[in-house]
Amino acid sequence: MMEHEFKYAVIGGGIAGVTCVEQLSALCPDDKILLITASSVVKAITNISKVTSILEDFCVVEKPSVYISENCPNVTVKQTRVTNLQAQKHKIITDEDEYEYGKLCVCMGGTPNIISKNCSYVLGIRDTESVQEFQKRIANAQRIMIIGNGGIATELVYEVEDCEVIWAIKDKSISKSFIDAGAAEFLLPQLSQDKQSSTGSAPTKRRKYTIDGNKFRDIGHGTGTALGPDWSEGLLLKGLDKISHNVKIEYNVEVEAVMEKDEYRITLTDAEQDALSVWPVYVKLTNGTVYGCDFVVSATGVTPNTETLLKNNKFEVAEDGGLKVNDKMQTNILDVYAAGDICSAFWNPSPTWFQMRLWSQARQMGSYAAKSMVSHTRNQDILMDFCFEMFAHVTRFFNYKVVLLGRYNAQGLSTNYELLLRVTKGKEYVKVVLKGGQMQGAILIGETDLEETFENLILNKMDLSQYGEDLLDPNIDIEDYFD
Amino acid sequence: MVIRTYNEEQQYLEKISSCAWKIKKGFVPNMKVEGVFYANDALEKLMFDELKNSCHSQGFGGFLPGMKQIANVAALPGIIGKSVGLPDVHAGYGFAIGNMAAFDMGDPKAIVSPGGVGFDINCGVRLLRTNLSEKDVSPVKEQLAQSLFDHIPVGVGSKGVIPMTAKDLEEALEMGMDWSLREGYAWAEDKEHCEEYGRMLQADPAKVSMRAKKRGLPQLGTLGAGNHYVEIQVVDEIYNKFAANKMGIEHKGQVCVMIHSGSRGLGHQVATDALVAMEKAMKRDKIEVNDRQLACAHIRSQEGQDYLKGMAGAANYAWVNRTSMTFLTRQAFAKMFHSTPDDLDMHVIYDVSHNIAKVEEHFVEGKQRTLLLHRKGSTRAFPPHHPLIPVDYQLTGQPVLIGGTMGTCSYILTGTERGMLETFGSTCHGAGRALSRAKSRRNLDYTDVLDALAEKGISIRVASPKLVMEEAPQSYKNVTDVVDTCHAAGISEKAIKLRPIAVIKG
Chain A
486 MMEHEFKYAV
496 IGGGIAGVTC
506 VEQLSALCPD
516 DKILLITASS
526 VVKAITNISK
536 VTSILEDFCV
546 VEKPSVYISE
556 NCPNVTVKQT
566 RVTNLQAQKH
576 KIITDEDEYE
586 YGKLCVCMGG
596 TPNIISKNCS
606 YVLGIRDTES
616 VQEFQKRIAN
626 AQRIMIIGNG
636 GIATELVYEV
646 EDCEVIWAIK
656 DKSISKSFID
666 AGAAEFLLPQ
676 LSQDKQSSTG
686 SAPTKRRKYT
696 IDGNKFRDIG
706 HGTGTALGPD
716 WSEGLLLKGL
726 DKISHNVKIE
736 YNVEVEAVME
746 KDEYRITLTD
756 AEQDALSVWP
766 VYVKLTNGTV
776 YGCDFVVSAT
786 GVTPNTETLL
796 KNNKFEVAED
806 GGLKVNDKMQ
816 TNILDVYAAG
826 DICSAFWNPS
836 PTWFQMRLWS
846 QARQMGSYAA
856 KSMVSHTRNQ
866 DILMDFCFEM
876 FAHVTRFFNY
886 KVVLLGRYNA
896 QGLSTNYELL
906 LRVTKGKEYV
916 KVVLKGGQMQ
926 GAILIGETDL
936 EETFENLILN
946 KMDLSQYGED
956 LLDPNIDIED
966 YFD
Chain B
38 MVIRTYNEEQ
48 QYLEKISSCA
58 WKIKKGFVPN
68 MKVEGVFYAN
78 DALEKLMFDE
88 LKNSCHSQGF
98 GGFLPGMKQI
108 ANVAALPGII
118 GKSVGLPDVH
128 AGYGFAIGNM
138 AAFDMGDPKA
148 IVSPGGVGFD
158 INCGVRLLRT
168 NLSEKDVSPV
178 KEQLAQSLFD
188 HIPVGVGSKG
198 VIPMTAKDLE
208 EALEMGMDWS
218 LREGYAWAED
228 KEHCEEYGRM
238 LQADPAKVSM
248 RAKKRGLPQL
258 GTLGAGNHYV
268 EIQVVDEIYN
278 KFAANKMGIE
288 HKGQVCVMIH
298 SGSRGLGHQV
308 ATDALVAMEK
318 AMKRDKIEVN
328 DRQLACAHIR
338 SQEGQDYLKG
348 MAGAANYAWV
358 NRTSMTFLTR
368 QAFAKMFHST
378 PDDLDMHVIY
388 DVSHNIAKVE
398 EHFVEGKQRT
408 LLLHRKGSTR
418 AFPPHHPLIP
428 VDYQLTGQPV
438 LIGGTMGTCS
448 YILTGTERGM
458 LETFGSTCHG
468 AGRALSRAKS
478 RRNLDYTDVL
488 DALAEKGISI
498 RVASPKLVME
508 EAPQSYKNVT
518 DVVDTCHAAG
528 ISEKAIKLRP
538 IAVIKG
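Chains as they are written, first to last, in my numbering: chain A, 486 to 968; chain B, 38 to 543.
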């Protein structure tokens, strides 16, 4: 007999949704939990699950692992698309069926913004499906254009080899949302050097994510789960030519028009047409330059995936299109919570935290939303998870480790701050944001070994004025000093 | 603060043996006792260079040289014996790291200072043995490292694998390793081989603030980043066969695992909270100190007692943390070698703390006294026959685990009677860096970065670029020099040397 009533339901099989379900399952092993996902479910690759059987021999209680369908008997996974939500009736309606829930968490992520929706030469890159498509196309490409200045664009520009890349960004420095202009200057030389081949034998320090479940059914565009960390590892992102890096950056531009070959040719004079080098697609930028290329990648962010939910429910929506949530991850609608890219944090945040649509925050929100739902069911008080006290994100750009802590770009501090800086070309970039002598944030690029110390200094709120720039003097073992 | 020339400063310093110097009263104001620091020739040069630099105002402003810090500690109320600088002594917040100071519990004016314990309360080292050899582990080194990374999360923001609720944390703060034992994460024998048996009884979770608990909850069982690490090591040298056998070390090439970690964010918050509370109390109780960072309180005061109870809670947390990582390490190895931790003989050799304050009984001028010992960057080293060390080490003395900086060699020492007399049973903890301005180059190669970063009204202060370690070896007090000095001074004896073959860190 088909189950239709569930204590908890989660919509979305990406990192936020899966983490939410993991946490719910761990907290309520006896309650029925439903996970609805339009695409395959993300799972974390880990050896932990295999530890479970050994542990049982020693009579140690081990919580369920992350292989949802295998190890969490109280979780039902349905791969189907949600067509409607009747929140007042606590009902979810899908392509195939209807379900009732006690509490619901929506983790439906965001739909990639594509600069030109109808052109087949413009590829959005946001989820694993689009990455696979990209891989196919790049193999036959000599030149591509990448539009966007966020994390995906930054990583992609570096990863692509044997193909000319035109990188068009609307800012005056690269990777603006992640790093500052100084760090951008520091990283740029990497683009003119050969790409470092990744050492496959070195152990990875992070959990790896991949796709579990059935082969992807074409349910509809924009329903894939977002890319997790290390998404480009193991992928062959090579073009036709035999050059390592060949990147040209166009600053302060946006796309004015995208034209296919014939569409563009018509606009030219006969002489110009004859002189034209032939490409399948042409992009005109706002600075007047026109580039021809094999295809265009649009890595220009996402729009929260709220269309279906807003059909019949009066959710409060933020300016960026996300569902507003309070400090308990609740939307304004009873028993509906939201986590990950689909939500917009609308509480008064700690001075050193802010929302950014990252996989790490998706994971934190998914976990916290689950705890929140359970505590409300049990009428218990809940304190916000400490991860919302200070922003922290670790990633890799251009083959450097990048650690971002707190208000690393002095976000929200107007001009009321000062910076400490230490740079060693080609090795490391350390920038600290100080306000009133207290560390508010830091950017650490390279193997600095400072992240733990700085995390502690930010959270300790210690007055560092007496140290001045000696704080960053490499002759002082600063992490030992504060040990 | 009196500014003297380097020559003038030297009047207060006297070499008392081939490896020890005395710091006379007057070196800094208000010294109640003398200071002493241990150093061989190489380390001595570093200590004096550091002092010389600070005299010539090429010092580091907010960072005092180690010698001055040792002396400032000697000026604290209630200090007894000497303010001791171990061979690895180097600049730290408040007390130098590698500074031991004891305070007479019978003196109502005696103080306790969080700077004398450190922010990372109960940062310490645990060593596990195995019955594996290097030849067993070398071929699968990478897979083993990966297995450890899978079990032990690393890096800032990493989340623990072992489930823990707020209630669990409360119990862990109170019970230390007893909590781990109850939950099935530890073997009973592990407790025996741990300082304080892995639990300080005076811990009171109520004296650990909510913020500290919040910082601690997600970090349990994670390795964070920085100088904490898990190292797979092999026995490189055996200096004392008898002691080694008692520790279960039979031969060179035997594989061990060293876990170096502490109480992380929780410890930091406990220390920070106490420093704030004590700064206020110092005005009320009219306590004067030479350095603001030496914020302290009378041991019997509310603030003093609150801190000691909170500190004990944080210490318990650190033991639970090392125990959790022991558990995860055992699983990783068992899985790797298709065996069980028991069959692999993965016992805890010992677990020492090098950032802690302890109440201990010692003889001072022939009389037994109860003292509060601050060991910051300093390890307890009790001699043979001491009642507080486990039965199997009664004849050898307490094992002392010295982790070099990650990637360099480590040592196991044993405690001595002489150490008991000279340093109240304390010895070094590892390596260290002296403050050094040598060969610092002002590399202006990054003007383009500065230009890009410049913004109206924002001050940007620039520090010198980072020198690669190889270029500045002279500021470095390496662990071998440090350990040899302790051995020469007779305050602890070398037993075993270990060399790393793989390291797990953030």
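All C-beta atoms, glycine included, are put in the ideal place defined by N, C-alpha and C.
Bear in mind that the values here come from a model prediction, so they are computed numbers and not experimental data.
> Does the Cβ of Met858/A have 16 or more other Cβ atoms within 10 Å, making it buried, or fewer, making it exposed?
Replying inline: So Met858/A counts as buried.
> Between the stretch 950-961 of chain A and chain B, which residues of the former have a C-beta closer than 9 Å to a C-beta of the latter?
Replying inline: Within the stretch 950-961 of chain A, the qualifying residues are Ser950, Gln951, Tyr952, Gly953, Glu954, Asp955, Leu956, Leu957, Asp958, Pro959, Asn960, Ile961.
> Contact check, Ser829/A vs Val810/A under 8 Å by CB: the rounded distance?
Replying inline: Correct: roughly 7 Å between the Cβ atoms.
>> So with CB distances below 7 Å, who are the chain B contacts of Thr639/A?
In response: Those do not exist, as Thr639/A stays about 16 Å from chain B at its closest Cβ, beyond 7 Å.
>> Which residue wins for smallest C-alpha separation from Gly594/A, given the options Asn790/A, Gly609/A, Cys778/A?
In response: That would be Asn790/A, whose Cα lies nearest to the Cα of Gly594/A.
> If you measure from the beta carbon of Gly922/A to each beta carbon in chain B, is any gap under 8 Å?
Replying inline: Taking Cβ atoms only, chain B never reaches closer than 8 Å to Gly922/A, which makes this a no.
>> Any beta carbon from chain A within less than 8 Å of Arg498/B's own beta carbon?
In response: Judged by the 8 Å Cβ criterion, Arg498/B is in contact with chain A.
> Just checking my contact of Ala281/B with Lys346/B at CB under 8 Å: how many whole Å lie between their CB atoms?
Replying inline: Ala281/B to Lys346/B, Cβ: 38 Å. No contact.
>> So with CB distances below 8 Å, who are the chain B contacts of Asp934/A?
In response: Near Asp934/A (Cβ distances below 8 Å), the residues of chain B are Ala262, Gly263, Asn264.
> For Tyr853/A, which option in Asn864/A, Cys872/A, Thr837/A has the closest C-alpha, if you only look at C-alpha atoms?
Replying inline: Nearest Cα to Tyr853/A within the set Asn864/A, Cys872/A, Thr837/A: Cys872/A.
>> Which residues does DSSP list as the beta-bridge partners of Gln815/A?
In response: Residue pairing by DSSP places Gln815/A opposite Tyr822/A in a beta bridge.
> If you compare alpha carbons, which of Asn817/A, Thr816/A, Leu794/A, Thr788/A is closest to Glu804/A?
Replying inline: Put simply, of Asn817/A, Thr816/A, Leu794/A, Thr788/A the residue whose alpha carbon is nearest the alpha carbon of Glu804/A is Thr788/A.
>> Tell me the DSSP secondary structure of His127/B in three-state form.
In response: DSSP places His127/B in strand when its eight states are reduced to three.
>> According to DSSP, simplified to helix, strand and coil, what is Arg498/B?
In response: Looking at Arg498/B - three-state DSSP - the assignment turns out to be strand.
> Counting Cβ pairs, one atom from each stretch, are 3 or more of them under 8 Å apart for the stretch 130-146 of chain B and the stretch 76-84 of chain B?
Replying inline: Too few Cβ pairs lie closer than 8 Å, so no.
> Could you check where the alpha helix (DSSP H) with Leu345/B kicks off and where it finishes?
Replying inline: 339-373 is the extent of the alpha helix (DSSP H) around Leu345/B.
> Which of the residues in the stretch 149-162 of chain B, read from start to end, lie with their CB under 7 Å from any CB of chain A?
Replying inline: Result list: Gly155, Phe156, Asp157, Cys160.
>> Would Gln306/B and Ala262/B qualify as a contact pair, given that the criterion is a beta-carbon distance under 8 Å?
In response: Contact: no.
> Using a C-beta to C-beta distance shorter than 8 Å, which residues of chain A count as neighbours of His127/B?
Replying inline: Correct list: Asp962, Asp965.
> Can you list, in chain order, the stretches of the alpha helix (DSSP H) that have 4 or more residues and sit fully within the stretch 396-431 of chain B?
Replying inline: DSSP runs (the alpha helix (DSSP H)) wholly in the stretch 396-431 of chain B: none.
> Pick from Gly891/A, Gly609/A, Ala494/A: whose alpha carbon is nearest that of Gln923/A?
Replying inline: It is Gly891/A whose Cα lies nearest to the Cα of Gln923/A.
> Along chain A, in chain order, which residues have C-beta atoms closer than 9 Å to that of Arg219/B?
Replying inline: Neighbours of Arg219/B on chain A: none; closest Cβ ~11 Å, over 9 Å.
>> Quick check: the Cα distance between Val879/A and Tyr493/A, rounded to an integer number of angstroms?
In response: Using only the alpha carbons, I get a separation of about 32 Å.
>> Please list, in chain order, the chain B residues whose beta carbon lies closer than 8 Å to that of Val879/A.
In response: The answer, in chain order, is Gly192, Val193, Gly194.
>> Tell me the rounded alpha-carbon separation between Lys680/A and Ser729/A.
In response: Rounded to the nearest angstrom, the two C-alpha atoms are 6 Å apart.
> Cβ of Thr862/A within 8 Å of Cβ of Gly502/A?
Replying inline: Contact: no.
>> Cβ closer than 8 Å: which chain C residues qualify as neighbours of Gly667/A?
In response: Given the protein chain composition of this structure (A and B), no chain C is represented.
> Which residue's Cα is closest to the Cα of Pro378/B: Glu232/B, Val357/B, Pro537/B, Leu165/B?
Replying inline: Among Glu232/B, Val357/B, Pro537/B, Leu165/B, the Cα nearest to that of Pro378/B is on Leu165/B.
> For the beta strand (DSSP E) that Lys576/A lies in, which residues bound it at each end?
Replying inline: 576-579 is the span of the beta strand (DSSP E), which, as asked, contains Lys576/A.
> Mapping DSSP to helix, strand and coil, what is Ser555/B?
Replying inline: There is no way to answer for residue 555/B, as the model of chain B reaches only from 38 to 543.
>> Taking its Cβ as the centre, do 16 or more other Cβ atoms sit within 10 Å of Ala471/B, making it buried, or is it exposed?
In response: Answer is buried; the Cβ neighbour count reaches 16.
> Using a beta-carbon distance below 8 Å, is His422/B in contact with chain A?
Replying inline: No, His422/B lies away from the interface with chain A (no Cβ there is under 8 Å from its Cβ).
> Rounded to a whole number of angstroms, what is the C-alpha to C-alpha distance between Met844/A and Ser361/B?
Replying inline: A small correction: the amino acid at residue 844/A is Trp; Met does not occupy that position in the sequence shown. Their backbone Cα atoms lie some 27 Å apart in a straight line.
> Would Pro145/B pass as a contact of His335/B if the rule is Cβ separation under 8 Å?
Replying inline: Closer than 8 Å, so yes.
> Can you tell which of Lys661/A, Ser860/A, Tyr606/A, Val506/A has its C-alpha closest to the C-alpha of Ile928/A?
Replying inline: The residue with the shortest Cα to Cα distance from Ile928/A is Lys661/A.
>> On the CB-based measure, 16 or more other CB atoms within 10 Å of its CB, does Val551/A come out buried or exposed?
In response: Residue placement at Val551/A is poorly supported in this model, since its pLDDT is 37, which falls under 50; the coordinates still yield a value, given next. The C-beta of Val551/A has 16 or more other C-beta atoms within 10 Å across all chains shown, which makes the residue buried.
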